[in-house]
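Below: one structure, written as structure tokens.
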Amino acid sequence: MPTTIWGIAYIVLSIIGTALFLVAILKLNFTIAIVLSALIIYVYIYYGGMVATTYSTAFQGIAMTVASLMAAAYIIAHFGGINVLTEAVSSANPASFNMPYTSAKTAHALMASWTGVIGFFFVWHFGFSVMPYTVVRFFTTQDIKSARRSVFWAVAIGGLMYCGLIIIGTGARVLIEGTHPLMQTKGSNNAMVVLKALRESYGIGSITVLDYSMITAVESQHSSFLLAVVAAGGIAIAMATASGWTMVLNVILGRDIMGKVFGSKWAEDKPAQVTRLMTTIVLLVCMFVAFKPPALIIDISGFAFVLLLSAIGPPLVLGIWWDRATTAAAAMATIISMSVSTTFSGLYAKYSLGSYHYFFLSGTEKIVTPHQVYWVCISFILFIVVSLLTSHKEDEVVQEYAVELRPEQ
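Under the working numbering, the first residue of the sequence shown is numbered 10, with each subsequent residue one higher.
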């Protein structure tokens, strides 16, 4: 059940992300863009299937990385260098670069503690190793070397992408307030006025409009080519995320629940038909939620991100690099992370801090643990300890179910 909820949250965000880029390039109403993006993703998955989520994902990730780095380069060039950009951002908000070691107020509660700083940089970058499209790649690799390369390049490329996005986000406000054409039209010097005008023009939800700020910053560069590249990259990564999670839910709802739990012969005899039916149901549900997404969707997506990283990160990463890893350790790390971290962190945030949102972020007077990054460390330690205390699979078992299944070189 938690995986289903998290999957829906990610698909909803992917549909919204695709819709926002369609608004930017086609100037459509947001509601129409939502329907169109859901239809595009549906056709993509319906005809592509596993191929769409495996072979094309690498290209999609590279496309978004190139787009974010190109946009970052445009922004740096616009200001005449990274130092000038930093000065401009500091002038607009003196607290922009304050870190936990300073006594001054930080620009965001996320940067008010080292837990927040580490959580921001570590979780989002390393998290690419356990995203659905990377996990799918694990199950389609032909040998251990391919699996290891998949982890390395997923983290490396994902890290570069986020570096570009950080630069875009850093300069977004000063770009919008300095060069966006709507600033003069609205007679204001506040970036929020521009976002409000865009929300009213295209019917974008109040929560979703903040995500449009990156696109607005790119629009401020007055480059159709740059906007096209960023839109292509954004749609590509959204498609990869949506297709990956939809395939996960297809398996859970079709094969596992219908086939194994309820014993449906149809699910066993006609897996392709069941998968397509589940694709239709999942995307219809996600499309209707995307029209007006609740704020909890954002919380659930971040919650799922760190939970996936702590639950399946150690088994996947250590399982392909450490010969001493055991099945018992994988099961224990997954169960503890899925149950204890969910129960303790989620319920504590709700009933002690006052909101599930505080699972990842709270005010500076409370515990600031965005993305609960410490659970990742606990999970890795637990995995290693249990592996050392439990017996490894016999060499015969490894030979039969691993070595002999590999294709001949």
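Even for Gly, the Cβ is constructed at its ideal location relative to N, Cα and C.
query, result
"Beta-carbon proximity check, Ile-246 vs Ala-72, cutoff 9 Å", "yes"
"Integer-rounded CB distance, given that Val-21 should sit under 8 Å from Ala-299", "5 Å"
"Rounded separation between Ile-387 and Gly-125 - CA only", "17 Å"
"Chain-order list of residues whose beta-carbon lies under 6 Å from that of Ala-338 (same chain, five-residue window excluded)", "Phe-392, Val-395, Ser-396"
"Host alpha helix (DSSP H) of Trp-275 (start-end)", "274-278"
"Alpha carbon of Arg-157 to alpha carbon of Phe-314, nearest angstrom", "21 Å"
"Where Ser-155 falls, given that 16 or more other Cβ within 10 Å makes a residue buried", "exposed"
"Cβ contact check for the segment 250-269 and the segment 46-54: 3 or more pairs under 8 Å", "yes"
"Span of the alpha helix (DSSP H) around Trp-384", "383-398"
"For Gln-282, three-class secondary structure by DSSP", "helix"
"Residue of Ala-18, Ile-127, Ile-176, Ile-290 minimising C-alpha distance to Ala-86", "Ile-176"
"Three or more C-beta pairs below 8 Å linking the segment 162-172 and the segment 74-86", "yes"
"First and last residue of the uninterrupted alpha helix (DSSP H) at Ser-252", "233-259"
"Touch test, the segment 199-214 against the segment 24-39, Cβ-Cβ under 8 Å, three pairs minimum", "yes"
"Endpoints, the alpha helix (DSSP H) within which Trp-162 is located", "153-188"
"Three-way DSSP call (helix, strand, coil) for Gln-69 in this model", "helix"
"Beta-carbon proximity check, Val-98 vs Gly-180, cutoff 9 Å", "yes"
"Coarse secondary structure for Asn-102, derived from DSSP in three states", "coil"
"Nearest-angstrom Cα separation, counted from Pro-103 out to Thr-115", "9 Å"
"Selection from Leu-35, Val-139, Ile-41 that minimises the alpha carbon distance to Val-257", "Val-139"
"Inter-residue spacing [alpha-carbon to alpha-carbon] between Tyr-110 and Met-201", "30 Å"
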